[in-house]
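Here the structure is laid out as structure tokens; the discussion comes afterwards.
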Amino acid sequence: MARRIREMTQQHLADATQMSLNTVVKMEAGHPGVQFGFYLKALWALELIDDFTKQMGMVGINETEFSLMESNLPKNVRQRSKR
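All residue numbers for the sequence shown refer to our numbering, where the first residue is 1472 and numbers rise by one.
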């Protein structure tokens, strides 16, 4: 809906986010296999990322603090073996 309100085509959104058109179509259809990062890219391209961060309780976190939080995350996450 946000894309259509902005009179943006699916191809334009795909180009703006460096995603394939197929990914945008799947995202809009609610396909469960679409990675969360693609949704974030779409929010950014639609200028809705600030609203999202407010909803997620990330208000007031600046870029430096966000980078610090991100740097403390593990580089790889692996499934633990079942014992």
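From the three backbone atoms N, C-alpha and C, an ideal C-beta is built for every residue, glycine too.
Near residue i, which residues of its chain fall below 8 Å by C-beta distance, leaving aside the five closest residues on each side in sequence?
i, result
"Gln-1489", "Lys-1512"
Is the CB-CB distance between residue i and residue j below 8 Å?
i, j, result
"Leu-1484", "Val-1496", "no"
"Tyr-1510", "Met-1527", "no"
"Gln-1482", "Leu-1492", "yes"
For the alpha helix (DSSP H) holding residue i, just list the boundary residues, first then last.
i, result
"Thr-1524", "1520-1526"
"Gly-1508", "1507-1516"
"Lys-1553", "It is not in any alpha helix (DSSP H) - Lys-1553 carries neither H nor E in the DSSP assignment."
"Gln-1481", "1481-1488"
For the structure I just gave you, are there three or more beta carbon pairs, one from the segment 1475-1488 and one from the segment 1505-1525, closer than 8 Å? yes
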